[in-house]
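For reference, the structure discussed in these notes is given below.
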Amino acid sequence: MRAYILRRLAQSVLVVWAVTTIMFFMFRVMPADPTAILLERGLSDEARLALMEEWGLTGSLWDQYVAYLGNIAQGDFGNSFFYRKPVWDVLFPLIVNTLWIAIPGLLMGAALGAAIGTAVGWAPRGGKLERSGIFLATVIRGVPNFVIGIALLTVFSSTLGWFPGFGMGDPGATTGFARYFTLDFLHHLALPLIAVTIYFLPENLLLMRSGVVENRTEDYIELVRAKGVPQRRVAWHAARNSMLPLITWLFPALAETIAGIVVIEIVFSWPGVGRELVLAVTRQDYPLAQAAFFLLAVMIVLANLAADLAYGKLDPRVVYK
Amino acid sequence: MTGHQTLGPAAATALGQLNERLAAKPAAHLQVSGLSIHYSTLRGPFNAVDNVSFEVAAGTNLGLVGESGCGKSTVVKALMGLLPEMTRVTGQALLDGQNILGLSDADLQDVRWNRISLITQSAMNSLDPVYCIGDQICEAILAHEPVGKTVAWARAEQMFALVGLPAERLREFPHQFSGGMRQRAVIAMALALNAGMLLADEPTTALDPIMQSQIMSRIRGIHDHMRRSMILVTHDIAVVAETCETVVVMYAGKVAESGPTQDVLDRPLHPYTMGLQNAFPRLPVRGQPRKPLISIPGTVPNLLLPPAGCRFAGRCPFATNLCRSVAPPTYQIGAQSAACHYVERASQFRVAAAEPDTWRSMEPSR
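Residue numbers (the numbering used here), protein chains in the order written: chain A, 619 to 939; chain B, 13 to 378.
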C-alpha cells in the first residue's frame, strides 16, 4: 500500500512536470508581447527591455525554462505581470472563493444525482419516472451552463428578487476571512451554488441510473429480494454497487470544476480562480496563468490518486500492488 | 456450535431465545396446483410452465428433474415471487394453507426467508461483491427477527459451523471464497432463519463432481438434522434417488411424470423418464456388460409454438400419430402418475428404451 502510494506520487511529479513544461513553451510561442499591456505606446525600447529583464523574459528560451523550473522547485512562481505582486497572493483568495461554490456544488450535485439516478434506475423500465428522469437529465446536460445561470438570475434575482445577482457581498459588507461566515455571503452564495449543483447533477444521475439498471438484474439482487428485506434495501444494494464508477468520476471532476465553472463565475460575477485564469491568459500574464495551470494539474493528479484510494475502500476486490 | 467467548450474558440469552424460536418453526407443507407461467414476448406469449401440480408433505424432499430449459427454475422463482414484473402467473401455491402466488413484494416480505428460503443456482454470482458474507447473512436475520447485530452475527457463526466454514471467514468477501465455499455460505444463509421450506435450485451445478457430492451430503445431513421440507431442483437423477422421497419429472414446462422416487426410478411410465435414466451413468454390475450412456436425440421444442400433441412426441421413439395430435391426459397408476397415452405399455417401452438402437433410430427423422 505504501509502496503503491509512493509510486503513484512519483508518477504524479512526472505528470505535473510535463504539464508545466508544455505550459511554459505554449505561452512563449504565442505571438504576443506581454509588456504591451503595461507600457504606454511609444515608450522607449530601454524601458521595455528593462521590464523584460525584470520579468525574466530575456535570454534564450532554454535558459528561461531552466530558471523557471529552478524557481518553482523552490516554491517561487514569480510575480504577476499585471498585479505586480506574488502570484500566490493573487491566486489564494480566488481559489478559496471558487472552492466555496465548487466543493459543495459538486457534492450536492453528486448526492442529488445519485439519489435521483437510483430512483430512476430502479423504476420500471419504460415507465413515466424513467422516461422523465432521462429526459430531464439529457436536457440539463445539453443546455450550456451559462443558460442555467442566466435563467436562475432572471427568475430568482431579477423577477422575484430573492437573491442578489452578482458578487460575493454587498458593498460595505464584512471583508477578509470573516466574510465567509456572514449571512450576506451565504445569500450571495446561494444562486451560483445552485447553478453548480444543477451543472453536475445530470452526469451523476445518468451514471448512477445506468449502474443501477445494470445491477438490478444481477443474481445477487435476486437473492437479496428473496431474503425478504424491504424494497428500499434491495435498491440500496444495487445503488451501493453502482457507486464505484461514480467515485472514479467524482474526484477528478472536483479538480476539473475549478476550470469548468468559469462560465458560472462570469455569469454571477463570482471572483473565482477560473475567471481570473481567463483574464490572465488574455493579459499575457505568464506567471499567473502558469501558476494557475500548475495548480490545476496538481489537483487533478492528486484527485485521481484519492479516487483510486477511495475505490479500494468501497470495493473490497481492489488490491493495490 | 458453542464457544462465543466474546458474547455478553445478555446477548447469549438473546441468542438462546432466537435459536429456540427458530427451532420451534414447523416444517412447511406446500400444495402447488395448476401453476402456469407465461412470459409475454414480442412474438407472443411464451408458455414457460403449463399446469404444473405437486405436493410437498411437511418434512419431505421433492426432486424436480428435467433437462435445461424445461421450467424447473421458473417454478422455484415463481414460488419466491422472483419472476420479472411482466410475467403472468396463474394457479395456486398453498404454503401451509396460504396462497403465496401473486402476493406483492410487501406481503411477501414475511414469507420470504422466514418461511421459504432459497439456495441459489449460481452461488458464484449470488452474493453481493461489496459486502462481507457475515453482513449478508445478518441482513436476512435482522430483516425478520427482533435481535441486535451481535446476536445475528453469533447466529451466522453457528450457521457457518453447520456448513463447515470457520467463523472468522464471515468477515471475508465473496471474491475471497472458492466456488465450493461460496455454495456453502449460500446454504448457511438459507438455513439462517430455519425456514419451513427450502428451495434448492441446482445447488451443485457450478461445482466439480467431488464438491458436488460433498455439498449434497452436507445438504442431506442438515436435512436429516433439521427436518425441513425441501424442493430440490436438479438435472441429476442420481441425486434425486439419494435425496428425495418424491420426484416430479418436467418436460418442456409440463409434468411428464411424478410419484414416489423409488417407483418412478424402478418402473418409469413416461418414455422421457426412461430416456433421462439412460443418459446418466450407473455403477457397473459385476458379470453384466456395462450399460452404455444413451442421450435423447433432439432438443426441447420451442414453447412459442408448442407442438399440438404430446410435447415429447418429436423426440419419443414410441410416438404415434395420436401422440403428435392429442395432448395426453395424466394417468394415475398406483402412487405414480404420467402424462402419456400409452402408460399401459410402459413395461414394453422400458425393455426397448434400454437398447441404444431404439433411440438412435430416432435421429434421422428429426
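Ideal placement from N, C-alpha and C gives every residue a C-beta, glycine not left out. Quick caveat: nothing in here was measured; it's all calculated off a predicted structure.
Just the C-alpha distance for residue i and residue j, rounded to the nearest angstrom, thanks.
| i | j | result |
| --- | --- | --- |
| B:Ala320 | B:Leu288 | 23 angstroms |
| B:Thr162 | B:Ala23 | 7 angstroms |
| A:Ala921 | A:Ile721 | 13 angstroms |
| B:Leu91 | B:Ala69 | 16 angstroms |
| B:Ala155 | B:Ser129 | 13 angstroms |
| B:Ala197 | B:Ala118 | 27 angstroms |
| B:Ala173 | B:Met201 | 12 angstroms |
| B:Cys150 | B:Thr273 | 36 angstroms |
| B:Asn111 | B:Gln348 | 26 angstroms |
| B:Cys256 | B:Leu210 | 13 angstroms |
| A:Trp779 | A:Gly674 | Per the sequence shown, residue 779 of chain A should be read as Gly rather than Trp. Cα-Cα distance, rounded: 50 angstroms. |
| A:Leu687 | A:Val631 | 13 angstroms |
| B:Thr53 | B:Asn59 | 10 angstroms |
| B:Ala204 | B:Ile153 | 7 angstroms |
| A:Asp802 | A:Val891 | 21 angstroms |
| B:Glu184 | A:Tyr838 | 16 angstroms |
| A:Val919 | A:Val899 | 22 angstroms |
| A:Leu669 | A:Arg827 | 57 angstroms |
| A:Ala621 | A:Trp706 | 32 angstroms |
| B:Leu19 | B:Gln29 | 14 angstroms |
| B:His247 | A:Arg626 | 52 angstroms |
| B:Met13 | B:Gly191 | Model confidence at B:Met13 stands at a pLDDT of 45, short of 50, so the residue's coordinates are unreliable; what they give is reported in the following sentence. Distance between the alpha carbons of B:Met13 and B:Gly191: 24 angstroms. |
| B:Pro318 | B:Val338 | 12 angstroms |
| A:His805 | A:Gly767 | 16 angstroms |
| A:Glu664 | A:Gly677 | 16 angstroms |
| B:Phe370 | B:Val88 | Per the sequence shown, residue 370 of chain B should be read as Thr rather than Phe. Computed Cα separation, rounded: 34 angstroms. |
| B:Thr342 | B:Tyr263 | 14 angstroms |
| B:Thr258 | B:Leu106 | 18 angstroms |
| B:Gly271 | B:Phe292 | 20 angstroms |
| B:Ile222 | B:Leu182 | 24 angstroms |
Smallest Cα separation from residue i: which of the options?
| i | options | result |
| --- | --- | --- |
| A:Trp718 | A:Tyr683, A:Ala636, A:Ile918 and A:Phe799 | A:Phe799 |
| A:Leu862 | A:Leu825, A:Ile713, A:Leu841 and A:Ala898 | A:Leu825 |
| B:Gly326 | B:Ser229, B:Thr311 and B:Gln29 | B:Thr311 |
| B:Pro81 | B:Gln344, B:Ser349, B:Leu211 and B:Leu315 | Here the sequence assigns Gly to residue 81 of chain B, which means Pro is not the residue at that position. Here the closest residue by C-alpha is B:Leu315. |
| B:Val260 | B:Leu54, B:Leu205 and B:Asn73 | B:Asn73 |
| B:Ala45 | B:Tyr51, B:Ser65, B:Asp147 and B:Gly20 | Inspection of the sequence shows that residue 45 of chain B is occupied by Ser rather than by Ala. When only C-alpha atoms are compared, the closest one is B:Ser65. |
| A:Leu724 | A:Pro711, A:Gln908 and A:Leu872 | A:Leu872 |
| B:Arg194 | B:Ile131, B:Met262 and B:Cys328 | B:Ile131 |
| B:Gly176 | B:Ser48, B:Ser116 and B:Gln226 | B:Gln226 |
| B:Asn290 | B:Thr86, B:Glu367 and B:Pro341 | B:Glu367 |
| B:Arg6 | B:Pro309, B:Ala35 and B:Thr332 | This structure does not reach residue 6 of chain B, given that chain B is present from 13 up to 378, and the question cannot be answered. |
| A:Gly727 | A:Ser698, A:Ile690, A:Ala928 and A:Leu868 | A:Leu868 |
| A:Ala732 | A:Asn833, A:Phe699, A:Pro905 and A:Pro820 | A:Pro820 |
| A:Tyr817 | A:Phe781, A:Ile879 and A:Arg834 | A:Ile879 |
| A:Leu624 | A:Glu894, A:Ala924, A:Phe645 and A:Val773 | A:Ala924 |
| B:Gly71 | B:Ser85, B:Glu97 and B:Asp236 | B:Asp236 |
| A:Glu836 | A:Asp694, A:Leu730, A:Ile734 and A:Ser860 | A:Ser860 |
| B:Gly265 | B:Gly78, B:Glu67 and B:Glu32 | B:Gly78 |
| B:Thr99 | B:Asp122, B:Leu107, B:Gly56 and B:Arg124 | B:Gly56 |
| A:Pro848 | B:Ser359, B:Arg323 and B:Ser116 | B:Ser116 |
State the CB to CB distance for the pair residue i and residue j, rounded to an integer number of angstroms; the pair is presumed to be in contact (CB under 8 angstroms).
| i | j | result |
| --- | --- | --- |
| A:Leu771 | A:Asn822 | 24 angstroms between Cβ atoms; not a contact. |
| B:Leu113 | B:Gln104 | 6 angstroms |
| B:Asn126 | B:Ala207 | 6 angstroms |
| B:Ala351 | B:Val267 | 7 angstroms |
| B:Met228 | B:Thr216 | 6 angstroms |
| B:Ser85 | B:Val252 | Going by Cβ atoms, the distance from B:Ser85 to B:Val252 rounds to 16 angstroms, so no, they are not a contact pair. |
| B:Pro329 | B:Ser373 | 7 angstroms |
| A:Ser662 | A:Leu906 | Their Cβ separation, rounded to whole angstroms, is 26 angstroms, which puts A:Ser662 and A:Leu906 out of contact at 8 angstroms. |
| B:Arg409 | B:Ile199 | With chain B covering only 13 through 378, there is no way to say anything about residue 409 of chain B. |
| A:Thr736 | A:Phe912 | At roughly 38 angstroms, the Cβ-Cβ gap does not stay under 8 angstroms, so A:Thr736 and A:Phe912 are not in contact. |
Closer than 8 angstroms is the cut-off here; do at least three beta carbon pairs connect the region 23-43 of chain B with the region 233-247 of chain B?
yes
Complete alpha helix (DSSP H) runs within the region 60-122 of chain B (minimum length 4 residues, chain order)
84-92
Segments assigned alpha helix (DSSP H), at least 4 residues, entirely inside the region 687-745 of chain A
705-740
Start-end ranges of the alpha helix (DSSP H) lying completely within the region 121-164 of chain B, minimum 4 residues:
145-156
Would you check if there are 3 or more beta carbon pairs closer than 8 angstroms linking the region 139-147 of chain B to the region 835-846 of chain A?
yes
Enumerated in chain order, which unbroken segments of the alpha helix (DSSP H) with a length of 4 residues or greater are wholly contained in the region 743-788 of chain A?
746-760 and 763-770
Would you call the region 752-765 of chain A in contact with the region 849-862 of chain A, where contact means no fewer than 3 C-beta pairs closer than 8 angstroms?
no
Does the pairing of the region 744-758 of chain A with the region 877-888 of chain A give three or more beta-carbon distances under 8 angstroms?
no
Does the contact criterion of 3 or more C-beta pairs under 8 angstroms hold for the region 279-286 of chain B versus the region 352-366 of chain B?
yes
Mind listing, in chain order, the continuous alpha helix (DSSP H) runs of no fewer than 4 residues lying wholly within the region 22-53 of chain B?
none
What are the uninterrupted segments assigned as beta strand (DSSP E) that are 3 or more residues long and contained completely in the region 196-232 of chain B, given in chain order?
209-213
Secondary structure, beta strand (DSSP E): runs of 3+ residues fully inside the region 835-900 of chain A
none
Start-end ranges of the beta strand (DSSP E) lying completely within the region 312-368 of chain B, minimum 3 residues:
343-345 and 348-350
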